[in-house]
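In terms of the UniProt record's numbering, the sequence shown has 63 at position 63, counting the first letter as 1, and numbering is strictly consecutive.
Note that the Cβ used here is the ideal one computed from N, Cα and C, for glycine as well.
Owing to the predicted nature of the structure, the values given are computational and were not obtained by experimental measurement.
Here's the structure we're looking at; comments come further down.
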Amino acid sequence: MRIALFEPEIAGNVGAVMRLCACMGAGVDLIEPMGFAWDDKRVRRTAMDYIDHVSVTRHADFAAFQATIGSSRLVLFTTKTTQSPYDFAFRPDDILLFGKESAGTPADIADQCHAKLRLPMRPQVRSMNLATSAALALGEGLRQTGTLPA
1 MRIALFEPEI AGNVGAVMRL CACMGAGVDL IEPMGFAWDD KRVRRTAMDY
51 IDHVSVTRHA DFAAFQATIG SSRLVLFTTK TTQSPYDFAF RPDDILLFGK
101 ESAGTPADIA DQCHAKLRLP MRPQVRSMNL ATSAALALGE GLRQTGTLPA
């Protein structure tokens, strides 16, 4: 299972997702352009020494990323749907896609995904932090597929 971030804007979120994936044994795909310089110290500060324990692949754009996914399903996490990840059957090779912090993913990208899921939350709030959402989604996907680390 992998996490893909579409045009992430906040270095700290990317670093936190990298640390999450290092701990959980998942890879990270970064779909450019990003809203910060890749050598930004905030990425390394948040990821800390975990950065050496995660597979990170950068893609020039969505088309370049899409060319690498093979038969894996692209599962989009968005606030623009109602299906819960807790009522969805994950597969071990799923790629969990998250949009940019300020705008999510454009409709043309969302339309190319195999599934669209929404993390349950109270109606009074708009959305969760990107790294928090990724942690909940990845944890559920790994739990369902029996691939949580020991």
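Would you mind giving the Cβ-Cβ distance between residue i and residue j, rounded to the nearest angstrom? I have them listed as a contact below 8 Å.
| i | j | result |
| --- | --- | --- |
| residue 162 | LEU130 | Because residue 162 is not part of the residues shown, which for the chain are 1 to 150, the question remains open. |
| LEU96 | ILE3 | 5 Å |
Relative to the alpha-carbon of residue i, which residue among the options has its alpha-carbon at the smallest distance?
| i | options | result |
| --- | --- | --- |
| ALA115 | ASP39, GLY15, ARG73, ALA60 | ARG73 |
| ASP108 | SER71, PHE62, ASP49 | PHE62 |
What three-state label does DSSP hand residue i in the structure shown?
| i | result |
| --- | --- |
| PHE90 | coil |
| HIS59 | strand |
| VAL17 | helix |
| ASP111 | coil |
| GLY139 | helix |
| PHE36 | coil |
Where do the ends of the beta strand (DSSP E) carrying residue i lie?
| i | result |
| --- | --- |
| ILE95 | 95-98 |
| LEU74 | 74-77 |
| LEU119 | Taken as a continuous stretch (DSSP letters only), LEU119 belongs to no beta strand (DSSP E), as it is neither H nor E. |
Name the DSSP beta bridge partners of residue i, please?
| i | result |
| --- | --- |
| LEU30 | LEU5, ARG58 |
| GLY104 | LYS100 |
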